[in-house]
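Enquirer: Numbering (our numbering), first residue to last: 757 to 851.
#1: Let me make sure I understand the geometry here. Which of 825, 829, 833 has the alpha-carbon closest to that of residue 846?
#2: Classify residue 803 as helix, strand or coil using the three-state DSSP reduction.
#3: Could you pull out every residue in the same chain whose Cβ sits closer than 7 Å to the Cβ of residue 791, ignoring the five residues on either side in sequence?
#4: Residue range of the alpha helix (DSSP H) that residue 824 falls in?
#5: As an exercise, report each continuous beta strand (DSSP E) stretch of at least 3 residues that is fully enclosed by the segment 765-806, in chain order.
#6: Looking only at DSSP bridge pairs, what is residue 847 linked to?
#7: Are the segment 768-783 and the segment 824-844 in contact at 8 Å, needing three or more beta carbon pairs?
#8: Assuming the contact rule is C-beta atoms closer than 8 Å, residue 766 and residue 819 should be a hit. Round their C-beta distance to whole Å, please.
#9: Can residue 808 and residue 757 be called in contact, C-beta distance under 7 Å?
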């Protein structure tokens, strides 16, 4: 099995954390909160998506193109600049 987590190569977008935290009532049920930069507090907290399938394998997102960023921004209701800021290491183009 694998445990990809927000901010790691298979799931680099940290902005998905608030959605997951809201869906699962994480602060209320665990006391774990998110900082303004979407780090978890306390710092010893961990999260991830857990896939127990024996053929599950880790992968890297890799570089993404401007048109992919534009599409992703539109679907998330974010500006292109904001998505570029969060996914900077994965941009396959110069800003």
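Think of the CB as a built atom: it goes at the ideal place given N, C-alpha and C, for glycine as much as any other residue.
Expert: This is what the structure gives:
#1: Your numbering for residue 846 matches position 90 in the chain shown. Nearest C-alpha to residue 846 among 825, 829, 833: 825.
#2: Stepping through the chain shown from its first residue, residue 803 is reached at position 47. Residue 803 falls in the coil class under three-state DSSP.
#3: Counting from one through the chain shown, the residue named residue 791 turns up at place 35. Cβ contact annotation for residue 791 (same chain, cutoff 7 Å, sequence separation greater than five): 797, in chain order.
#4: The residue given as residue 824 occupies position 68 in the chain shown. Under the DSSP assignment, residue 824 falls in the alpha helix (DSSP H) whose first and last residues are 822-832.
#5: With a minimum length of 3 residues, there is no unbroken run of beta strand (DSSP E) contained wholly in the segment 765-806.
#6: To locate residue 847, count along the chain shown from 1; it is residue 91. In the DSSP output, where bridge partners are listed per residue, residue 847 has 820.
#7: Cβ pair count under 8 Å is three or more, so yes.
#8: Here residue 766 refers to the residue found at position 10 of the chain shown. Here residue 819 refers to the residue found at position 63 of the chain shown. Contact flag wrong, Cβ pair sits at about 14 Å.
#9: Start at 1 with the first residue of the chain shown, and residue 808 comes out as number 52. Start at 1 with the first residue of the chain shown, and residue 757 comes out as number 1. Contact: yes.
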